[in-house]
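**Q**
In the UniProt record's numbering, the protein residues as written are 1 to 355.
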């Protein structure tokens, strides 16, 4: 009888031991949440971090994932990073409400949630991830597996040119992840990415400086972008124009994260660049109109009567972005000519070197 009485508890134990485990924390998983086998607790944690735009910092030099004995639940930064590594993404953003981020009458809420999530993920990756590979732009467009980045270690020292490569690598990955990019031929993808990846990096850098309350571009780890050698080789006015012009204009306008995200994708979807197929032009024109309409509506709801002028001011940033990117690429080209000992990654050469 004792053996029979123990059967229910034994069955319960076997059921628990055979239950699928959460790939994030190791507890019993409920199902696939946001594309990843996970428990309800990790699902709700990921959802809250994304929706509330929360930011966490690891106190152990981002080594929690490297230490198998370290419970992942004790570090929110590394827990969220593991969610991203495994591919968690909020698919049905239109069902989620973003409190205090947008006006209740805003009709493009799912669009702005999507672009803000992509932007925040890009920012998180730049600060916490690293890749040692050296792909060309064509390599990145043609491959099926996207991210090949690994967690940074506290001991890594990253040069300015390496920061530029990492930023452009992440930007290319992000743009390639857009759903409509699957409908575009690889040749057109290369044209689009070559045209805007460097510009996106310049805009992101200016926003980072705005948030850091500095008047010039600095690296993500807070260092100056120009060495003493560069300052001695080139005109200080030329160098200051590259690192400060866009930052100053972004500061003057007090560009918000919502505006930054929408503007980034609006300018990427440029049907006027050459050479693009007619089919791609039509697709980009439709997408650009969606981002443009969302940005205009955001401006009208946020700034009321001054909404139209605010919208025009934001669009005018494209001229400063283009000029800054053009000058930065010219500087990169000159540095390769006069400082050949500085080796650049192939992706950086493909996008930033003037031919």
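Ideal placement from N, C-alpha and C gives every residue a C-beta, glycine not left out.
1. Please report how far the alpha carbon of residue 248 lies from the alpha carbon of residue 236, in whole angstroms.
2. DSSP on residue 37, reduced to helix/strand/coil?
3. Hey, would you say residue 189 sits closer than 7 Å to residue 325, going by beta carbons?
4. Relative to the C-alpha of residue 260, which candidate in 203, 222, 215 and 32 has its C-alpha closest?
5. Taking 6 Å as the cut-off, does the CB of residue 120 come closer than this to any heavy atom belonging to the ligand FAD?
6. From the DSSP output, which residues share a beta bridge with residue 356?
7. Considering residue 208, what are the terminal residues of the alpha helix (DSSP H) in which it resides?
8. Can you tell me the Cα-Cα spacing of residue 94 and residue 115, whole angstroms?
9. Locate the alpha helix (DSSP H) running through residue 60, then write down its first and last residues.
10. So, at 8 Å on beta carbons, what are the nonlocal neighbours of residue 292 in its own chain, with the 5 sequence-adjacent residues on each side left out?
11. My output table needs one value for residue 80: the three-state DSSP class, helix, strand or coil.
12. Skipping 5 residues on each side, what residues in its chain have a beta carbon closer than 6 Å to that of residue 280?
13. Going by other Cβ atoms of all chains shown within 10 Å of its Cβ, with 16 needed for buried, is residue 206 buried or exposed?
14. Output needed for residue 125: all residues of its chain with C-beta closer than 6 Å, excluding positions within five of it in sequence on either side, in chain order.
15. Using DSSP bridges, identify the partner residues of residue 150.
16. Are residue 438 and residue 127 close, meaning C-beta to C-beta below 7 Å?
17. Let me know if residue 341 comes out buried or exposed under the rule of 16 or more other beta-carbons within 10 Å of its beta-carbon.
18. Please check the pair residue 172 and residue 246, which I expect to be a contact at CB under 8 Å, by giving their CB distance rounded to whole angstroms.
19. What does the Cβ neighbour count give for residue 133, buried or exposed, with the cut at 16 atoms within 10 Å?
20. Residues in its own chain within less than 6 Å of residue 251 by CB, not counting five upstream and five downstream?
21. Which residue or residues does DSSP assign as beta-bridge partners of residue 218?
22. Can you give me the C-alpha to C-alpha distance between residue 163 and residue 175, rounded to a whole angstrom?
23. Looking at C-beta atoms only, is the number of pairs between the segment 329 to 340 and the segment 150 to 159 that lie closer than 8 Å three or more?
24. What whole-angstrom Cβ distance do residue 356 and residue 75 have, given they're in contact under 8 Å?
25. Run through DSSP, which three-state label would residue 143 get?
26. Keeping to the same chain, check which residues put their C-beta closer than 6 Å to that of residue 350; ignore five residues upstream and five downstream.
27. Is residue 342 helix, strand or coil by DSSP?
28. For residue 331 and residue 197, I'd like the C-alpha separation in whole angstroms.
29. Applying the 10 Å Cβ sphere with the 16-neighbour rule, what's the burial state of residue 264?
30. Can residue 194 and residue 217 be called in contact, C-beta distance under 7 Å?
31. Whole angstroms are fine: how far does the CA of residue 88 sit from the CA of residue 32?
32. Ignoring anything shorter than 4 residues or poking outside the segment 234 to 319, list the alpha helix (DSSP H) runs there in chain order.
33. Please list the terminal residues of the continuous alpha helix (DSSP H) segment that includes residue 175.
34. What is the rounded straight-line gap between the Cα of residue 317 and the Cα of residue 262?
35. Could you check if residue 81 is buried or exposed, using at least 16 other CB atoms within 10 Å of its CB as the buried criterion?
36. In angstroms, rounded to a whole number, what distance separates the CA positions of residue 60 and residue 45?
**A** In short, the structure shows the following:
1. Distance between residue 248 and residue 236, taken at the CA atoms: about 17 Å.
2. In the three-state scheme derived from DSSP, where H, G and I count as helix and E and B as strand, residue 37 is classed as strand.
3. Their beta carbons are not under 7 Å apart, which means residue 189 does not touch residue 325 by this criterion.
4. Per the Cα distances, 203.
5. Inclusion of the ligand FAD in the displayed structure is not the case, the ligand content being empty and no account of it being possible.
6. In this structure the chain extends from 1 to 355, so residue 356 is not present and cannot be described.
7. Start and end: 186 to 212.
8. Note on residue 94: pLDDT 36, under 50, position unreliable in the model; the coordinate value appears next. The straight-line gap from Cα to Cα measures roughly 12 Å.
9. Element bounds for residue 60: n/a, residue is neither H nor E.
10. The residues are 266.
11. Assignment of residue 80 by DSSP, reduced to helix, strand and coil, places it in the helix class.
12. Cβ neighbours of residue 280 beyond the five flanking positions: 184 and 188.
13. That one is buried.
14. Result list for residue 125: 170, in chain order.
15. Beta-bridge pairing links residue 150 to 130.
16. In the structure as shown, the chain starts at 1 and stops at 355, and residue 438 therefore has no counterpart that could be examined.
17. Counting the other Cβ atoms within 10 Å of the Cβ of residue 341 gives fewer than 16, which makes it exposed.
18. For residue 172 against residue 246, the beta-carbon gap comes to about 20 Å, at or over 8 Å, which does not count as contact.
19. The residue is exposed, with fewer than 16 neighbouring Cβ atoms inside 10 Å.
20. Same-chain partners within the cutoff: 210.
21. Per DSSP, 224.
22. If you take the alpha carbons of residue 163 and residue 175, they lie about 18 Å apart.
23. By the C-beta criterion, the segment 329 to 340 is judged not to be in contact with the segment 150 to 159, since fewer than 3 inter-stretch pairs fall below 8 Å.
24. With the chain running from 1 to 355 in the structure shown, residue 356 is simply not present.
25. Looking at residue 143 - three-state DSSP - the assignment turns out to be coil, as it is neither helix nor strand.
26. Here residue 350 has 136 and 137 as same chain residues with Cβ atoms under 6 Å from its own Cβ, once five neighbours each way along the sequence are excluded.
27. Three-state result, residue 342: coil.
28. Residue 331 and residue 197 have their C-alpha atoms some 17 Å from each other.
29. Label assigned to residue 264: buried.
30. Not a contact, by the Cβ cut-off of 7 Å.
31. Rounded to the nearest angstrom, the two C-alpha atoms are 10 Å apart.
32. 236 to 253, 257 to 268 and 278 to 303, all fully within the segment 234 to 319.
33. Segment 160 to 176, the alpha helix (DSSP H) holding residue 175.
34. One C-alpha to the other measures close to 13 Å.
35. Residue 81 comes out buried.
36. Those two C-alpha atoms are separated by around 20 Å.
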